[in-house]
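Read through the structure below, which is laid out as structure tokens, and then see the notes.
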Amino acid sequence: MTKSWFRGRLAVLATMHRKEQAIAPVLKEALGLQVETPPGLDTDRFGTFTREIPRPDTQRETVRLKAQAALAAVPEADFGLASEGSFGPHPCLPWVAGGRELVILIGRDSGLELVGVDLTAETTWGSRLVSSVADALAFAQSVRFPSHAIVVIGASNGEPDVSKGVYKGLMTTEELEAAVRVVLEQHGAAHVESDMRAHVNPTRLHAIERAARDLVRLALSGCPRCERPGFDVVERREGLPCGACEMPTRRIRLEIVGCTGCGFREERVPATGTAPASPAECDRCNP
């Protein structure tokens, strides 16, 4: 059973922003993992949403660096945990905002690395350049303020400029109005945006929880040969035939699932099934 990899063992989570609220209960209930947060671990050094510190690498590599830092901080821990969010236009629906959350678990000695993913259009990510307090309040209400915090940054040439002041975690009308007034008086314009830090953004915290549940899915998916966790899709092959002309389409016809430990692989039917593709998805019928 893959649960034996985790039950009763210690995982340390790299967070300054109370992400354990979303991750720890999920992993405790499903895997029996004991999750702790190392005191004093500065995760802001791996990048801040408010631009003072850039992300050092890709989202995937950065979340790995965080988990490794957690392991280094607690030598007796068996696993390192971390999450990393990325926000912008949704990759499938580019006209709406999207969020992609990763939750990673790495083993100290086993070489195990599992990454849960949540991709969603359910996010408060957004920003606006404002020239009045009223405009700032209108934007804030559109991104679920005051249950979700707001950031105000000084603006220069229409762009946020952290050298001109950053006010984070604003969760009352009084705080928001005061910050906007200061920035407007000093710089004439203010960049107002959602505060995407997990402890002041419940919507993001829910996304982290979903990514943690996806991590559990991987942890409980054991290799049929060696039982190593993480037996999952490693390749998808296109070519599902068109229902009208029977020519191959770009729809997935086959998935290859594999083990990162022993290398065992097998083919399986994709979750989308094997029913013929619609002619609307066929390059020949619908060029």
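One gets the working numbering by counting positions in the sequence shown from 1 and adding 2 to each. C-beta: ideal position from N, C-alpha, C; glycine also. No experiment lies behind these values; they were computed from the predicted model shown.
Three-way DSSP call (helix, strand, coil) for Ile55 in this model: Locating residue 55 in the sequence shown gives position 53, counting from the first residue. Ile55 falls in the coil class under three-state DSSP.
Inside the segment 94-129 only - beta strand (DSSP E) runs reaching at least 3 residues: The segment 94-129 is shown to contain whole beta strand (DSSP E) runs of 3 or more residues at 99-109, 115-122, in chain order.
Leu29, DSSP secondary structure in three states: In the sequence shown, counting from the first residue as 1, residue 29 sits at position 27. Of the three classes helix, strand and coil, the one that applies to Leu29 here is helix, per DSSP.
C-alpha gap between Gly160 and Val145, whole angstroms: Along the sequence shown, one-based indexing puts residue 160 at 158. Along the sequence shown, one-based indexing puts residue 145 at 143. Cα atoms of Gly160 and Val145: separation of roughly 21 Å, rounded to the nearest angstrom.
Residue burial classification, Gly49 (beta-carbon count within 10 angstroms, cutoff 16): The residue given as residue 49 occupies position 47 in the sequence shown. Taking a 10 Å sphere around the C-beta of Gly49, we find 16 or more other C-beta atoms and assign the residue as buried.
Buried versus exposed call for Val65 [16 or more other C-beta atoms within 10 Å across all chains shown]: Residue mapping note: residue 65 aligns to position 63 of the sequence shown, counting from 1. Label assigned to Val65: buried.
Arg2: first and last residue of the uninterrupted alpha helix (DSSP H) it sits in: The first residue shown for the chain is 3 and the last is 289, placing residue 2 beyond what the model contains.
Contact check, Ile210 vs Leu178, beta carbons under 7 Å: The residue labelled residue 210 in the question sits at position 208 within the sequence shown. The residue labelled residue 178 in the question sits at position 176 within the sequence shown. Contact: no.
Burial state of Asn203, where buried means 16 or more other Cβ atoms lie within 10 Å: Against the sequence shown, residue 203 aligns to sequence position 201. Label assigned to Asn203: buried.
Extent of the continuous beta strand (DSSP E) to which Ala75 belongs: Residue numbering aside, residue 75 sits at position 73 when the sequence shown is read from its first letter. For Ala75, no beta strand (DSSP E) segment is defined; the enclosing uninterrupted segment is the alpha helix (DSSP H) at 61-75.
Close beta carbons around Thr205, own chain, < 8 Å, minus the five adjacent residues each side: By one-based count along the sequence shown, residue 205 stands at place 203. Cβ within range, chain order: Glu124, Thr125, Thr126, Arg146, His150.
Collapsed DSSP secondary structure at Ser158 in the structure displayed: Here residue 158 refers to the residue found at position 156 when the sequence shown is read from its first residue. Correct three-state label for Ser158: strand.
Any non-hydrogen atom of the ligand GDP closer than 6 Å to Ser112 Cβ: With respect to the ligand GDP, the structure offers nothing, as it holds no ligand at all.
Straight-line Cα distance separating Ser280 from Ala72: As a working note, residue 72 is residue 70 in the sequence shown. As a working note, residue 280 is residue 278 in the sequence shown. Whole-angstrom Cα-Cα distance: 48 Å.
Euclidean distance between Cα positions of Ala200 and Arg255: What you label residue 200 is simply residue 198 of the sequence shown in a count that begins at 1. What you label residue 255 is simply residue 253 of the sequence shown in a count that begins at 1. Cα to Cα, Ala200 sits roughly 38 Å from Arg255.
Cut-off 6 Å between Cβ atoms - residues of its own chain near Ala246, not counting five sequence neighbours on either side: For the purposes of this step, residue 246 is taken as the residue at position 244 of the sequence shown. Once the five neighbours on either side are set aside, the close Cβ partners of Ala246 are Pro281, Cys287.
Counted within 10 angstroms of its Cβ, other Cβ atoms place Ala273 as buried (16 or more) or exposed: As a first step, residue 273 must be located in the sequence shown, where it is residue number 271. Exposed, by the Cβ-count rule.
Nearest-angstrom Cα separation, counted from Ser129 out to Leu114: In the sequence shown, counting from the first residue as 1, residue 114 sits at position 112. In the sequence shown, counting from the first residue as 1, residue 129 sits at position 127. Taken atom to atom, the span from the alpha-carbon of Leu114 to that of Ser129 is near 38 Å.
Distance, Gly101 Cα to Leu95 Cα: Residue mapping note: residue 95 aligns to position 93 of the sequence shown, counting from 1. Residue mapping note: residue 101 aligns to position 99 of the sequence shown, counting from 1. Leu95 and Gly101: Cα-Cα distance of roughly 11 Å.
C-alpha distance - Pro91 paired with Val37, whole-angstrom precision: On the sequence shown, position 89 is the one that residue 91 refers to. On the sequence shown, position 35 is the one that residue 37 refers to. Rounded to whole angstroms, Pro91 to Val37 spans 33 Å at the Cα level.
Best match in Ala214, Phe233, Glu229 for proximity to Leu313 [C-alpha to C-alpha]: No information on residue 313 is available, as it lies outside the stretch 3 to 289 that the chain covers here.
Start-to-end residues for the beta strand (DSSP E) that takes in Glu179: Taking the first residue of the sequence shown as 1, we reach residue 179 at position 177. Counted as a single uninterrupted DSSP element, the stretch harbouring Glu179 is not any beta strand (DSSP E) but the alpha helix (DSSP H) occupying residues 175-189.
Assigned exposure category for Ile258 - 16 Cβ within 10 Å defines buried: Against the sequence shown, residue 258 aligns to sequence position 256. Classification for Ile258: exposed.
Span of the alpha helix (DSSP H) around Ser144: Numbered from 1 along the sequence shown, position 142 holds the residue referred to as residue 144. First-last of the alpha helix (DSSP H) with Ser144: 135-144.
Sub-7 Å separation of Val132 and Ala84 beta-carbons: On the sequence shown, position 130 is the one that residue 132 refers to. On the sequence shown, position 82 is the one that residue 84 refers to. No, the Cβ-Cβ distance between Val132 and Ala84 is not below 7 Å.
Own chain, CB closer than 6 Å to Arg212, minus 5 neighbours either side, in chain order: Along the sequence shown, one-based indexing puts residue 212 at 210. Here the set comprises Asp120.
Cβ-Cβ separation, Ala13 to Asp80 (assumed contact under 8 Å), whole Å: Walking along the sequence shown from the start, residue 80 turns up at place 78. Walking along the sequence shown from the start, residue 13 turns up at place 11. Contact check for Asp80 and Ala13: beta-carbon distance about 7 Å, within the 8 Å limit, so the pair qualifies.
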